[in-house]
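**Q**
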Amino acid sequence: MDIGFAFLALTLGLAIGSFLNVVIHRLPRMLERDWRQSCRELAGDAPDAQPRYDLVLPRSSCPACGHRIPWYENIPVLSYIALKGRCSACSAPIHWRYPLVECLTGALFLAALWHFGLGAQAAAAAVLLAALLALAFIDFDTHLLPDDLTMPLLWLGLVVNLQSLFVPLEEAVIGAVAGYLALWSVYWLFKLATGKEGMGYGDFKLLAALGAWLGWKMLLPVVLVSSISGAAIGLGLIVFGGHDRAKPIPYGPYLILAGGICLFWGQALIRFYLPS
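Here it is in structure tokens:
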């Protein structure tokens with residue numbers, strides 16, 4: 017792997033990771049504001065006059081004191097180190113997750129370049145991994161998998177496979193349909209048997225998106241890996257972390273973990289259960 021391209025991939029990944037922090041923090045709040053406005057309109061009330069709040073405005077600021085963060089305090093990872101993890105104005109601690117997301121994105125971009133080589137596959141894989149990372153953290157925080165991310169990801173998966181970038185288009189279309197129907201069926205079987213909802217509709221759409229990117233043959237490994245990892249981590253949280261059994265654990269992060277694993281090593285898994 018060329019050092020120059022590796023450095024470029026890492027730098028781009030860190031920068032995109034900084035933007036993902038904004039998406040992770042703001043997108044659920046943007047959706048909540050939209051839902052509240054819609055409820056007011058349905059109730060016949062006048063919408064609230066609220067200041068603009070999106071992925072661009074307002075500018076990033078310290079949640080403790082409101083200090084506007086200048087560009088030189090917003091350099092991925094380096095600013096966190098230089099500020100020793102604290103706000104320059106009030107010394108309130110900056111959450112460690114911000115540099116973590118930046119470092120993870122940089123590492124994933126490097127992994128995409130290393131695995132796929134310089135070209136369209138690596139670029140597309142980087143886009144997929146960035147979107148999945150944002151979805152994982154949003155679902156972990158809010159138990160939501162927003163349509164604003166899952167649905168564009170699904171359609172983009174079909175588009176990138178028009179030229180069979182990862183799988184033939186036919187496999188991508190079947191993967192999208194089968195991915196949605198698989199978890200939709202599990203949802204309804206569980207609900208009919210127990211009267212409870214075992215997962216959300218966002219999980220259906222996420223697996224459909226993974227099917228669109230990776231093809232129908234990858235669905236079984238994705239479901240198996242996500243189920244095993246989810247069961248193991250969930251059990252660990254209950255036994256060692258004191259997690260309340262009655263409190264639901266989001267399934268999305270485990271689907272995303274499995275999707276990332278299958279993106280890089282899925283062909284070996286397919287050869288294991290579908291020998292030629």
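Numbering-wise (this note's numbering), the sequence shown opens with residue 17 and increments by one. We put the beta carbon where it would ideally sit given N, CA and C, even for glycine.
#1: Nearest-angstrom Cα distance between residue 284 and residue 58?
#2: Below 8 Å, is the gap between the Cβ of residue 166 and the nearest heavy atom of the ligand SAM?
#3: Of all the options 264, 228, 94, 108, which has the alpha carbon lying nearest to the alpha carbon of residue 247?
#4: Could you name the residues that DSSP lists as bridge partners for residue 76?
#5: For residue 92 versus residue 102, is the C-beta distance shorter than 9 Å?
#6: Given this structure, state the Cα-to-Cα distance separating residue 39 from residue 71, to the nearest angstrom.
#7: Looking at C-alpha atoms only, which residue of 105, 138, 129, 146 is the closest neighbour of residue 120?
#8: How long is the line joining the alpha carbons of residue 213 and residue 206, rounded to whole angstroms?
#9: Considering only C-alpha positions, which residue in the set 204, 139, 82 is nearest to residue 172?
#10: Under 9 Å between the Cβ atoms of residue 79 and residue 96?
#11: Secondary structure at residue 63, three-state DSSP: helix, strand or coil?
#12: Going by DSSP in three states, residue 44 sits in which element: helix, strand or coil?
#13: Which value, in whole angstroms, describes the spacing of the CA atoms of residue 124 and residue 52?
#14: Which complete alpha helix (DSSP H) runs does the region 63-147 hold, if anything under 4 residues is left out?
**A** According to the data block:
#1: Walking along the sequence shown from the start, residue 284 turns up at place 268. Walking along the sequence shown from the start, residue 58 turns up at place 42. Going from the Cα of residue 284 to the Cα of residue 58 covers about 52 Å.
#2: The model on display carries no ligand, and the ligand SAM is accordingly not part of it.
#3: The residue given as residue 247 occupies position 231 in the sequence shown. Considering only alpha carbons, the answer is 264.
#4: Residue numbering aside, residue 76 sits at position 60 when the sequence shown is read from its first letter. DSSP lists no partner for residue 76.
#5: Your numbering for residue 92 matches position 76 in the sequence shown. Your numbering for residue 102 matches position 86 in the sequence shown. Not a contact, by the Cβ cut-off of 9 Å.
#6: Start at 1 with the first residue of the sequence shown, and residue 39 comes out as number 23. Start at 1 with the first residue of the sequence shown, and residue 71 comes out as number 55. Whole-angstrom Cα-Cα distance: 7 Å.
#7: If you number the sequence shown from 1, residue 120 lands on position 104. Selected option, being the one with the closest Cα: 146.
#8: Locating residue 213 in the sequence shown gives position 197, counting from the first residue. Locating residue 206 in the sequence shown gives position 190, counting from the first residue. Approximately 7 Å, taken between the alpha carbons.
#9: Here residue 172 refers to the residue found at position 156 of the sequence shown. The candidate whose alpha carbon is nearest that of residue 172 is 139.
#10: Taking the sequence shown and counting its residues from 1, one reaches residue 79 at position 63. Taking the sequence shown and counting its residues from 1, one reaches residue 96 at position 80. No, they are not a contact pair.
#11: The count along the sequence shown starts at 1 and reaches residue 63 at position 47. In this structure, residue 63 counts as coil in the three-state DSSP scheme.
#12: As a position in the sequence shown, residue 44 is number 28, starting the count at 1. Helix at residue 44.
#13: Position 108 of the sequence shown, counted from the first residue, corresponds to residue 124. Position 36 of the sequence shown, counted from the first residue, corresponds to residue 52. So the alpha carbons of these two residues sit roughly 36 Å apart.
#14: 94-98, 113-132
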